[in-house]
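*Asks:* Numbering-wise (my numbering), the sequence shown opens with residue 684 and increments by one. Positions of the beta carbon are idealized from the N, C-alpha and C atoms, including for glycine.
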Amino acid sequence: MRRKVMPTVLVLFVLMIDTAVIPFLISSPYLVSLTFATVLVLGVYLGRMHGMLYGMIGGLLTDILVSYQLGFNTFLFIGLGFLAGTIAYEAPSVRLRKASSRVYLRRALTFAGMALVRETVIFGYQYFNTALFSGVYLLNILARTLLSAGLCMLLGPLEARAVLGRPVRYQRTSPQREVKSF
Numbered sequence: 684m685r686r687k688v689m690p691t692v693l694v695l696f697v698l699m700i701d702t703a704v705i706p707f708l709i710s711s712p713y714l715v716s717l718t719f720a721t722v723l724v725l726g727v728y729l730g731r732m733h734g735m736l737y738g739m740i741g742g743l744l745t746d747i748l749v750s751y752q753l754g755f756n757t758f759l760f761i762g763l764g765f766l767a768g769t770i771a772y773e774a775p776s777v778r779l780r781k782a783s784s785r786v787y788l789r790r791a792l793t794f795a796g797m798a799l800v801r802e803t804v805i806f807g808y809q810y811f812n813t814a815l816f817s818g819v820y821l822l823n824i825l826a827r828t829l830l831s832a833g834l835c836m837l838l839g840p841l842e843a844r845a846v847l848g849r850p851v852r853y854q855r856t857s858p859q860r861e862v863k864s865f
């Protein structure tokens with residue numbers, strides 16, 4: 684039950700914070716989307732189909748509430764949630780046997796890559812609407828990409844704990860231990 688209801692509640696809660704609270708507290712060109720970070724984290728921890736589902740929910744509601752063109756964030760979140768789940772998702776039985784540094788490096792590179800793709804798409808959209816280009820735009824893209832990847836790495840374990848519960852530790856069993864249990 685927790686795995687079915689909690690991600691939807693989490694996406695809706697983060698969306699409310701992202702659209703109602705943060706814009707009143709912070710006004711900066713380096714503002715990153717919590718909803719996008721949550722969609723990526725859910726895609727990485729739950730798989731590509733969940734990444735698409737929660738990307739559709741978060742993107743569509745972001746488009747409606749923030750007055751973007753309908754479908755802009757929706758398709759972007761769906762595609763990037765699917766890609767993040769495809770690239771970095773590993774089943775818990777496989778993930779527990781790998782070195783944690785490799786798992787975290789793979790996730791960090793996935794988050795940074797997806798954030799860079801999102802920033803590039805947004806920059807392309809803005810460029811074709813305004814035909815303005817400045818070097819500071821590239822600095823802003825780099826800064827928001829790094830901030831988004833860092834936010835995803837910080838929120839990842841917290842959101843995974845809320846959605847999946849307590850993590851299971853991998854224990855190696857020896858043949859002697861298995862024979863003793865007979």
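Can you give me the Cβ contacts of isoleucine 805 inside the same chain, cut-off strictly under 7 Å, excluding the 5 residues immediately before and after it?
*Replies:* Nothing listed; no residue qualifies.
*Asks:* Between leucine 717 and aspartate 701, is the Cβ-Cβ spacing less than 9 Å?
*Replies:* Closer than 9 Å, so yes.
*Asks:* Taking alanine 832 as the reference, give the member of Ala798, Leu822, Ile709 and Met699 with the closest Cα.
*Replies:* Answer by Cα proximity: Ala798.
*Asks:* To the nearest angstrom, report how far apart serine 710 and valine 704 are at their CA atoms.
*Replies:* Taking the straight line joining both Cα atoms gives about 11 Å.
*Asks:* Going by alpha carbons, who is nearest to asparagine 812 out of Phe758, Leu792 and Gln752?
*Replies:* Checked all of Phe758, Leu792 and Gln752; the closest Cα to asparagine 812 is Gln752.
*Asks:* Any contact between the region 729 to 739 and the region 757 to 776? By contact I mean 3 or more CB pairs, one from each, below 8 Å.
*Replies:* The region 729 to 739, when compared against the region 757 to 776, does touch it at the 8 Å Cβ threshold.
*Asks:* Can you give the Cα-Cα distance for leucine 743 and phenylalanine 707, rounded to whole angstroms?
*Replies:* Each residue's Cα considered, the two are about 22 Å apart.
*Asks:* Could you pull out every residue in the same chain whose Cβ sits closer than 7 Å to the Cβ of glycine 848, ignoring the five residues on either side in sequence?
*Replies:* These residues qualify, in order along the chain: Arg685.
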